[in-house]
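Student:
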Amino acid sequence: MATTGKLIIFSAPSGSGKTTIVKQLLKIFPQFEFSISATSRQPRGEEKNGVDYFFLSQEEFREKVAADAFVEWEEVYNGTCYGTLKSEMERIWSKGNIIIFDVDVMGGINLKRIFGEQACSVFIMPPSVEILRERLIGRGTDSMETIEKRVAKAEFEISKSPEFDHVVVNDVLESAVAETERIINDFLAK
Ligand code: ADP
Ligand code: 5GP
518 MATTGKLIIF SAPSGSGKTT IVKQLLKIFP QFEFSISATS RQPRGEEKNG
568 VDYFFLSQEE FREKVAADAF VEWEEVYNGT CYGTLKSEME RIWSKGNIII
618 FDVDVMGGIN LKRIFGEQAC SVFIMPPSVE ILRERLIGRG TDSMETIEKR
668 VAKAEFEISK SPEFDHVVVN DVLESAVAET ERIINDFLAK
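Position 139, counted from 1, in the sequence shown is what this note's numbering calls 656; the numbers after and before it change by one each time, with no gaps.
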């Protein structure tokens with residue numbers, strides 16, 4: 518890649534509070550910019566192409582894989598692929614910004630492996646699987662069937678947490694944000 522810089526990776530089981538924490542961090546660190554992923558799924562609700570994701574057809578996604586346009590990609594859910602475009606990373610780094618990633622656990626592990634010391638990987642851990650389930654129910658965005666699927670996947674995801682540079686337990690939100698802020702400040706000072 519022509520331009521390089523730093524990147525911070527967040528992965529977590531769905532419902533752990535990753536989005537809530539990252540939103541607060543974006544207010545604290547103005548030089549952070551979200552990497553917009555490509556996906557083969559359809560837009561949901563108010564989602565916009567080029568803002569939430571680059572929405573591609575299955576065919577377009579396959580063509581980009583064949584053209585080696587992705588840094589990493591995964592079939593996160595059955596039949597639905599998500600990936601990080603090299604062009605997106607270049608775009609953010611060329612502005613001198615630091616890239617923030619919200620990727621699934623395997624994507625996070627792969628990005629860390631590829632970028633090594635340039636990357637800081639953080640796993641946001643729920644206090645327990647039961648609390649995770651309660652938060653997903655409380656969020657009110659998913660059916661019970663989807664929630665149970667996400668909870669079942671969480672066990673596997675949690676088993677991969679030791680492969681991340683840092684694990685932050687999101688029990689009391691303010692403490693989790695403060696701990697993550699400390700981790701990032703240490704990383705940026707390196
Ligand atoms: P994720 O992005 O990891 O799927 P969200 O940020 O959407 O998770 O959080 C899931 C739900 O849990 C949301 O309703 C959010 O308001 C709530 N939540 C997040 N962090 C905490 C916390 N520390 N304590 C209680 N509820 C939380
Ligand atoms: P969504 O709820 O948006 O359909 O699903 C998002 C899931 O895909 C989350 O687990 C998210 O972290 C993951 N994801 C989003 N973009 C990427 C990406 O570029 N690469 C990988 N590996 N996972 C991604």
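All residues carry an ideal CB built from backbone N, CA and C; glycine is no exception.
Can you look up residue 773 in the DSSP assignment and give me helix, strand or coil?
Tutor: Coverage of the chain is limited to positions 518 through 707, which leaves residue 773 absent and any answer about it impossible.
Student: My output table needs one value for residue 621: the three-state DSSP class, helix, strand or coil.
Tutor: Looking at residue 621 - three-state DSSP - the assignment turns out to be coil, as it is neither helix nor strand.
Student: For the stretch 677-687 and the stretch 629-644, state whether three or more C-beta atom pairs, one from each stretch, are separated by less than 8 Å.
Tutor: Touching, yes, given that three or more Cβ pairs across the two stretches are closer than 8 Å.
Student: Is any non-hydrogen atom of ligand 1 found closer than 8 Å to the C-beta of residue 533, if you look at the structure I gave you?
Tutor: For ligand 1, at least one heavy atom lies less than 8 Å from the Cβ of residue 533.
Student: Indicate whether residue 599 and residue 555 have their beta-carbon atoms separated by less than 9 Å.
Tutor: Yes, they are a contact pair.
Student: As a quick exercise: from 671, 578, 538 and 532, pick the residue whose alpha carbon is nearest that of residue 617.
Tutor: Minimum Cα distance to residue 617 is reached at 538.
Student: Just to confirm the assignment, what range does the beta strand (DSSP E) spanning residue 578 have?
Tutor: Premise fails: residue 578 lies in the alpha helix (DSSP H), 575-583, not in any beta strand (DSSP E).
Student: With respect to 8 Å, is the separation between the Cβ of residue 568 and the closest non-hydrogen atom of ligand 1 below this value?
Tutor: No, Cβ of residue 568 sits at least 8 Å from all heavy atoms of ligand 1.
Student: Would the beta-carbon of residue 653 be found less than 8 Å away from any heavy atom of ligand 1?
Tutor: Under cutoff, so the answer is yes.
Student: Determine whether the beta carbon atoms of residue 578 and residue 605 lie at a separation below 9 Å.
Tutor: No, the Cβ-Cβ distance between residue 578 and residue 605 is not below 9 Å.
Student: Mind checking who residue 638 pairs with in its DSSP beta bridge?
Tutor: DSSP, once it has assigned bridges, lists 526 as partnering residue 638.
Student: For ligand 2, is there any heavy atom lying closer than 8 Å to the beta carbon of residue 688?
Tutor: Not so, every heavy atom of ligand 2 lies at least 8 Å from the Cβ.
Student: Any contact of the stretch 646-657 with the stretch 558-566, i.e. 3+ C-beta pairs under 8 Å?
Tutor: Flag = no, the stretch 646-657 and the stretch 558-566 do not touch.
Student: Tell me the DSSP secondary structure of residue 627 in three-state form.
Tutor: Residue state, collapsed to three classes: helix.
Student: Does DSSP put residue 563 in a helix, in a strand, or in coil?
Tutor: Residue 563 falls in the coil class under three-state DSSP.
Student: Could you check which residue in 602, 563 and 564 has the C-alpha nearest to that of residue 580?
Tutor: Considering only alpha carbons, the answer is 602.
Student: Mind checking who residue 543 pairs with in its DSSP beta bridge?
Tutor: For residue 543, which the question treats as bridged, DSSP gives no partner whatsoever.
Student: Hey, could you find the ends of the alpha helix (DSSP H) residue 704 is sitting in?
Tutor: Counting along the chain, the alpha helix (DSSP H) containing residue 704 begins and ends at 690-706.
Student: With distances taken Cα to Cα, identify the nearest neighbour of residue 611 among 549, 675 and 689.
Tutor: Answer by Cα proximity: 549.
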